[in-house]
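See below for the structure under consideration.
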Amino acid sequence: MIPIFGYGVLILTFVVALYGIGAAVYGALYAQKDAAAWVESSRRAMLLTFPLITIAVLAVIYLLTTGHYEVQYVYSVTSSTMPAYLKATALWGGQAGSLLFWSWLMSAFAAAVTLRKWQRDLEFLPWVIVVSLVTLAFFLGLIIFVKGQVSFERFWQLADGSNTASVFQPAGSTLLVPPDGNGLNPLLRHPGMIIHPPMLYLGFVSFVIPFAFAIASLITGRTDDRWIRVTRRWTLVAWLFLSLGLVLGMWWAYDVLGWGGYWGWDPVEIAALMPWLTGTAFLHSVMIQEKRGLFKRWNMVLIVLTYALVIFGTFLTRSGVLSSVHAFSQSAIGPLFFAFIGITFAVSLGLLLYRWNDLRSEGQMTSLLSRESLFLVNNLLFIGVLVVCFWGVIFPLISELFTGQKVTVGPLFYLRATGPLFAGLLFLMGVAPLSAWTHSTYKTLGRAAWKPALVSLLALAAIFLLGVRSWIALLGFWLVALAVCLTLYEYGREVYSRHKSTDEGLPLAFWRLTGRNRRRYGGFIIHLSMAIMALGIIGIQVFQTSTQGTLLPGDTLELSGYTITFKDLAVFDAADGHNVGRAVLQITRGGQALGELYPRRDYYYDSQQPVTIPGVRSTFEDDLYVVLVDWQASGVTFKVFHNPLVLWLWTGALLFTLGMLVAAWPDRETETERRPAVGRVMVKA
Amino acid sequence: MGRMKFMIGGLLIVAAVIYLIFSSTQANAQYFLTIRELQDKGQALVGKDVRVSGAVVGDSIQYDPQSLTLNFTVAYVPGDNNEITKMGGLAKVLHDAVQDKSLPRLEVAYHGVKPDLLKDEAQAIMTGKMGADGTFEANELLLKCPTKYEEAVPNQVQK
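Going down the list, the protein sequences come from chains A and B. Position one of the first sequence corresponds to residue 1345 (the working numbering), numbered consecutively onward. Position one of the second sequence corresponds to residue 304 (the working numbering), numbered consecutively onward.
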């Protein structure tokens, strides 16, 4: 009963979405005197999709948590040995469920958008509705009509003895109810894996809203910066979720997969990185349009690309087009995704070309080192990294198309090609906030930057004296130091200046100043976090060492100054159907005892899946990371990694979350009321 | 014109990106082959860095955790996704590949920790070099992430 009910509700949601699209288009283009009523009706329809799809999602969660294994999806991702919370979060553990979850998020954001105050932007409303609902309808269409993607398909045994799966009962068949499910692969039963997909999808879906407003702006011809102001917070929040989603994926890989790394340049990782690249560029570039009326075309291109990459990213993880450790099974949805991206991209480009002349800049850039110019370089560098990533991902397909032979590129390609570009971005991140609007020269920039730059060179010298000789590490560390010094210097200088000109003490001046311009100082905090994350990345990338060995109790392994002594191994069966192998290791360095580590190797009987859980000792200096590989009568085998500075990677992520809270915190007066203080240079044609 | 310097600057960056892409591709491109293609090319590829995919034959997995040497055999899996879909989907193709002893097989040698996902009928993607003796020396071993293999229809029946 429930599966049919849930499926029916999904169909109803789909119909409501289609109605909303039709009503919005009719109200915007064809209706005469009751146009407003039609648009209002479509707005209500968009709002209605959310409670409807929530009912369908609740139905699936109910089926998941109550062990309805006759439902194909429930069978594939749950089993009786899984705890209830894992059964519920298995909603996004498999392909069909994750598409439903994506649709639910889309509907949630679409509904949230309907609830904002629309009085000033009524002309945008129908088109925002159309774009959001078209996206929603596409995903709903996939999970309703494509066999294998429907979360409510059930197993039936046909008269001839064969089995099949479908929502409705085929003639002459009986319901097939397996006694237990397959269960979610144990590698996915980790807190990081529980939050990573929702966080990533939140990031993906939130970028649809600024895109919808951009399209609305192109269609209505209201190509000023209104659409940017209105979506500013959406963009910030989207960026935050997408960044967190990426970092959570890195953390999960580091914590669970046991290869001592966090990023493998796998096509699916890159698929999530690409919209982040254009999204970050977009986030910065729109500031220039707001402040100086420049980059209007850039911004349109960037948001159109971000939307296409969001859908493309979802497509890459679903269609099996590329070989990747993540790729979900191939199915009919590949060509459907491809068609959707193609059509939406073509329409977006068409609209952009149609309004090309209306997007002329309101001024000119004259100085290569001005803030605007540096932001242009920023855009170019981000697009450069994007092109490298896209090339790497597409290359096997192109080579196969043209030479009949599939040729791939590995992580080294990405590191080599993006390294210099990321270095450029790191440099820019430190320097650009110090450059002046409109006009900046080497002299003015030099005057603003020479003190912190000098400190960074001192830091470089110190690092060199500590023995670092790798030129990549030296350059990287210097850039990190430069970014940190420049940002702290600028922040400190402005705090100090406020402190001097008011009677506020330094802490109060800091608090008040930050509150006055949250975007700027939130941005500084985020830049600091990025520099800190870069520190962690350089540490592990350049300085990772490892060793391995088979030990009997009392034996030791040495790595990078650490002594690891094997003390004991316990092997036992745990409560929920898996075997645990747990080793006890004593860590010392320079004779000083540093504690114990407990690497584990679990084995899940029902899915015959081993899971390695490393024992990690984390400090800001380095991580000591031990993997329990195997045990035999002759000894227990361990692999040990020494990963310097990795903790900074996670710390940086926490800090940028804080920075984003500062940047995105609502102002007392709405930002739409506030006019920019910096005047624009209006050059009339 | 003031625009000139921006155009030049922009073009320089574009040129740098193009250079980076092409030089890195050349330095790092690897043929992605099926077992049949790899064995057909024979001597020509000995010593060259290539990438191969195949279905893991569970019975053949030999692992010495003390020396961390891993040996196993992979069976031929077609490279073309359309072909795989026609043959009934990846899970079925992998299953059939392991059962069908007439398909080309490849011996793989790898030094390192045995990946948790290495088991019977898993899809393995190996990067490395073909040895003169016909064994593939893998320096990178990727196993496909498992939620793909959602069992199509279960075998158990309950009335």
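Glycine is no exception: its CB is placed at the ideal position from the N, C-alpha and C atoms.
Is there a Cβ of chain A sitting closer than 8 Å to that of Gln346(B), yes or no? Walking along the second sequence from the start, residue 346(B) turns up at place 43. Output row for Gln346(B): interface = no.
Which of the three DSSP states is assigned to His1783(A) in this structure? As a working note, residue 1783(A) is residue 439 in the first sequence. Here His1783(A) sits in coil by DSSP.
Under the three-state DSSP convention, the category Gln365(B) falls into: Within the second sequence, the letter at position 62 stands for residue 365(B). If DSSP states are grouped into helix, strand and coil, Gln365(B) belongs with the strands.
Measure the alpha-carbon distance for Phe1482(A) versus Phe1684(A) and round it to whole angstroms. Along the first sequence, one-based indexing puts residue 1482(A) at 138. Along the first sequence, one-based indexing puts residue 1684(A) at 340. Cα to Cα, Phe1482(A) sits roughly 8 Å from Phe1684(A).
Go to Met433(B), then tell me how far its beta strand (DSSP E) extends in each direction, as first and last residue. Reading the second sequence from its first residue, position 130 is the one you call residue 433(B). Its beta strand (DSSP E) spans residues Gln426 to Met433.
In the structure shown, what three-state DSSP assignment does Ser1510(A) receive? By 1-based counting over the first sequence, the position of residue 1510(A) is 166. Looking at Ser1510(A) - three-state DSSP - the assignment turns out to be strand.
Within the segment 1672 to 1753 of chain A, ranges of the alpha helix (DSSP H) (whole runs, at least 4 residues): 1677 to 1698 and 1715 to 1747
Are the beta-carbon atoms of Trp1994(A) and Leu1879(A) separated by less than 8 Å? Reading the first sequence from its first residue, position 650 is the one you call residue 1994(A). Reading the first sequence from its first residue, position 535 is the one you call residue 1879(A). Against a cut-off of 8 Å, the Cβ pair of Leu1879(A) and Trp1994(A) comes out as no contact.
Name, in chain order, the residues that DSSP records as bridge partners for Ala1368(A). Indexing the first sequence from 1 puts residue 1368(A) at position 24. Note: Ala1368(A) sits in no beta bridge, so no partner.
What's the C-alpha gap between Arg1862(A) and Cys1829(A)? Taking the first residue of the first sequence as position 1, residue 1862(A) is located at position 518. Taking the first residue of the first sequence as position 1, residue 1829(A) is located at position 485. About 20 Å.
For chain A, is any of its Cβ atoms less than 8 Å away from the one on Asp343(B)? Here residue 343(B) corresponds to residue number 40 of the second sequence, with the count starting at 1. So, not an interface residue.
Say whether the segment 1848 to 1868 of chain A touches the segment 1983 to 1990 of chain A, bearing in mind that this needs 3 or more beta-carbon pairs closer than 8 Å, one atom from each stretch. no
7 Å Cβ shell around Gly1350(A) - same chain, five flanking residues per side excluded: Residue mapping note: residue 1350(A) aligns to position 6 of the first sequence, counting from 1. Here the set comprises Ala1400, Ala1403, Val1404 and Phe1496.
Report the option in Val1521(A), Ile1647(A), Ala1919(A) and Leu1617(A) whose CA atom is closest to the CA atom of Thr1579(A). In the first sequence, counting from the first residue as 1, residue 1579(A) sits at position 235. Here the closest residue by C-alpha is Ile1647(A).
Beta bridge counterpart(s) of Pro1954(A) as assigned by DSSP: Along the first sequence, read from residue 1 onward, the residue named residue 1954(A) stands at position 610. DSSP output for Pro1954(A) lists Tyr1947(A) as bridge partner(s).
Taking a Cβ distance cut-off of 7 Å, strictly less, list which residues of the segment 306 to 337 of chain B are near chain A, in chain order. Lys308, Phe309, Gly312, Gly313, Ile316, Val320, Leu323, Ile324, Ser327, Thr328, Ala330, Asn331, Ala332, Gln333, Tyr334 and Phe335
Closer than 8 Å, CB to CB, is Gly382(B) near chain A or not? By one-based count along the second sequence, residue 382(B) stands at place 79. Cβ-Cβ to chain A under 8 Å: yes for Gly382(B).
beta-carbon Leu371(B) near the ligand FAD non-hydrogen atom, thresh 7 Å: For the structure depicted, the ligand FAD is absent and the ligand set is empty, with no information on it obtainable.
Does the segment 1510 to 1517 of chain A come into contact with the segment 1534 to 1543 of chain A, if we say contact requires no fewer than three beta-carbon pairs (one atom in each stretch) closer than 8 Å? no
Would you mind giving the Cβ-Cβ distance between Asp1974(A) and Pro368(B), rounded to the nearest angstrom? I have them listed as a contact below 8 Å. In the first sequence, residue 1974(A) corresponds to position 630, counting from 1. In the second sequence, residue 368(B) corresponds to position 65, counting from 1. With 8 Å as the limit, Asp1974(A) and Pro368(B) qualify as a contact, their Cβ atoms being about 3 Å apart.
Quick check: Thr430(B) and Gly382(B), are their CB atoms within less than 8 Å of each other? Walking along the second sequence from the start, residue 430(B) turns up at place 127. Walking along the second sequence from the start, residue 382(B) turns up at place 79. No. Outside cutoff.
Hey, does Gln369(B) have any beta-carbon neighbour from chain A nearer than 8 Å? Translated into positions along the second sequence, residue 369(B) becomes position 66. By this cut-off, Gln369(B) is an interface position.
DSSP beta-bridge partners of Lys1983(A): Taking the first residue of the first sequence as 1, we reach residue 1983(A) at position 639. Answer is Gln1892(A) and Val1971(A).
Val416(B) touches chain A at which residues, Cβ-Cβ below 9 Å? Position 113 of the second sequence holds residue 416(B). Ordered by position in chain A, the residues that pass the 9 Å Cβ test against Val416(B) are Gly1602, Trp1603, Gln1892, Thr1956, Val1971, Val1973, Asp1974, Thr1981 and Lys1983.
Applying a beta-carbon distance threshold of less than 9 Å, which residues of chain B neighbour Arg1760(A)? On the first sequence, residue 1760(A) is found 416 positions in, with the first residue counted as 1. By Cβ distance, chain B contributes Leu323, Ser326, Ser327, Ala330 and Asn331.
State the beta-bridge partners of Leu1929(A) as determined by DSSP. One-based indexing of the first sequence puts residue 1929(A) at position 585. Answer is Phe1910(A) and Leu1941(A), bridged to Leu1929(A).
What distance in whole Å lies between the Cβ atoms of Leu1778(A) and Ala1797(A), which are believed to be in contact at a cut-off of 8 Å? Translated into the one-based positions of the first sequence, residue 1797(A) becomes position 453. Translated into the one-based positions of the first sequence, residue 1778(A) becomes position 434. The Cβ separation is near 10 Å, so there is no contact.
Using only alpha-carbon positions, find the residue among Ala1428(A), Arg1387(A) and Val1812(A) that is nearest to Phe1453(A). Indexing the first sequence from 1 puts residue 1453(A) at position 109. Of Ala1428(A), Arg1387(A) and Val1812(A), the residue nearest in Cα terms is Arg1387(A).
Does the contact criterion of 3 or more C-beta pairs under 8 Å hold for the segment 1474 to 1488 of chain A versus the segment 1551 to 1564 of chain A? yes
Using only CA atoms, which one of Tyr1969(A), Glu1965(A), Val1955(A) and Gly1921(A) lies nearest to Ile1931(A)? Here the question's residue 1931(A) lines up with position 587 in the first sequence. Here the closest residue by C-alpha is Tyr1969(A).
Taking contact to mean at least 3 C-beta pairs separated by less than 8 Å, is the segment 1465 to 1472 of chain A in contact with the segment 1407 to 1422 of chain A? no
Between the CA atoms of Gly1608(A) and Phe325(B) - distance to the nearest angstrom: Numbered from its first residue, the second sequence carries residue 325(B) at position 22. Numbered from its first residue, the first sequence carries residue 1608(A) at position 264. Cα to Cα, the separation comes out at about 21 Å.
Val1824(A), DSSP secondary structure in three states: In the first sequence, the residue the question calls residue 1824(A) occupies position 480. Val1824(A) falls in the helix class under three-state DSSP.
Checking 8 Å against the spacing of the C-beta atoms, do Val1732(A) and Val320(B) come in under that value? For the purposes of this step, residue 1732(A) is taken as residue 388 along the first sequence, with counting starting at 1. For the purposes of this step, residue 320(B) is taken as residue 17 along the second sequence, with counting starting at 1. Yes, they are a contact pair.
Under three-state DSSP, which class holds Glu1838(A)? Taking the first sequence and counting its residues from 1, the one referred to as residue 1838(A) is at position 494. Here Glu1838(A) sits in helix by DSSP.
Leaving aside the five residues before and after Leu363(B) along the sequence, list all residues of the same chain whose C-beta is less than 7 Å from its C-beta, in chain order. Residue mapping note: residue 363(B) aligns to position 60 of the second sequence, counting from 1. Before going on, a small fix: residue 363(B) reads as Ser here, not Leu. The residues are Phe375 and Thr376.
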